[in-house]
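Numbering (the working numbering), first residue to last: 262 to 544. For every residue, glycine included, the Cβ atom is placed at its ideal position computed from N, Cα and C. Below is one structure, written out as structure tokens; comments come after it.
Following this line, the structure appears as structure tokens:
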């Protein structure tokens, strides 16, 4: 059963406000409610008769109410639920993901060193949430095609379903991108062997077409553009995201021990893609 809400996490930043607007548009498309969530561990119980200047929760309430006011002006008929919780943000957002169709968060596109030291909440939630997480930058253009970062090893039902449904809902083409670096045997003493490289690319293109066949039949209204690039998947996906309206990437729910929860492709997408990035968990 489809959860009955899209959740946007708020922290008062321009990025989180952009996330609220993106989440509102998605909730409106799906015909579900929008939940505006702000988590502050120092939140105190509601007290009657306390003037605003003495209310410890004043700024927390203002963050949520300001976002609600802006969203309501654009989507006056959208059901909006405001929620303040006394929890750490990551804990609250992971719990909210359990009963949300999608969790939407603001993203500053931090580089890896900054993310390591600052502990970017979006990375933690995207790497552990039970549902898809969309990371939105402030000023990200909402228009454009949907781009799917497709792997050919065990193609994911959840990932393909999310990408095709997103393209269909927006009435835009779906660009499916697969990147694969050339193996050692593709190189000769003088450089890349064009025959070997061409054969490898044709084989990958055939495998990608086979993986997409059932989904193209299920979504005949979606125009699908396939692209196989003989380069690292991270570079191929980051390049394809330019001009996109949404980039869809996958992560495995059950990842091997001692490995990052987010792979190199998702990391590259989050840090470098100018458009919103959807991270879809799958088996």
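Asked                                                                                                                             : Found
Span separating the alpha-carbon of residue 271 from that of residue 285                                                          : 13 Å
Test item: CB-CB of residue 359 and residue 404 under 7 Å                                                                         : no
Sub-7 Å separation of residue 478 and residue 439 beta-carbons                                                                    : no
Whole beta strand (DSSP E) elements within the segment 327-378, 3-residue minimum                                                 : 341-346 and 363-367
Cα-Cα separation between residue 508 and residue 334, rounded to whole angstroms                                                  : 27 Å
Spatial neighbours of residue 529 in its chain, beta-carbon cut-off 8 Å, leaving aside the 5 residues before and after            : 495, 496, 498 and 499
Of the listed residues 535, 540, 290 and 326, nearest to residue 524 (C-alpha basis)                                              : 540
Helix, strand or coil at residue 536 [DSSP, three-state]                                                                          : coil
Residue 487 - DSSP class collapsed to helix/strand/coil                                                                           : strand
Residues of its chain near residue 429, where Cβ-Cβ distance is below 7 Å and the 5 sequence neighbours each way are ignored      : 480, 482 and 483
Extent of the continuous beta strand (DSSP E) to which residue 270 belongs                                                        : 266-270
Cutoff 8 Å; reference residue 512; Cβ partners in own chain excluding five residues on either side                                : 387, 388, 522, 523, 524, 527, 540, 541, 542 and 543
Three-way DSSP call (helix, strand, coil) for residue 399 in this model                                                           : coil
Of the listed residues 433, 282, 491 and 265, nearest to residue 441 (C-alpha basis)                                              : 491
Residue 529 (DSSP reduced to helix, strand or coil)                                                                               : helix
Other residues of its chain near residue 274: CB distance less than 7 Å, five sequence neighbours each side excluded              : 367
Counted within 10 angstroms of its Cβ, other Cβ atoms place residue 287 as buried (16 or more) or exposed                         : buried
Cα-Cα separation between residue 363 and residue 268, rounded to whole angstroms                                                  : 6 Å
Residue range of the unbroken alpha helix (DSSP H) whose run includes residue 459                                                 : 455-479
Top-ranked residue by Cα proximity to residue 433, from 406, 354 and 345                                                          : 406
Cβ-based neighbour list, residue 332, same chain, cut-off 8 Å, excluding 5 preceding and 5 following                              : 281, 282, 285, 295, 297, 339 and 341
Closer than 7 Å to chain E by CB, residue 533                                                                                     : In summary, chain E is missing from the structure at hand, where a single protein chain is found.
Chain-order list of residues whose beta-carbon lies under 6 Å from that of residue 361 (same chain, five-residue window excluded) : 264, 266, 268 and 392
Pairwise C-alpha distance: residue 351 and residue 467                                                                            : 41 Å
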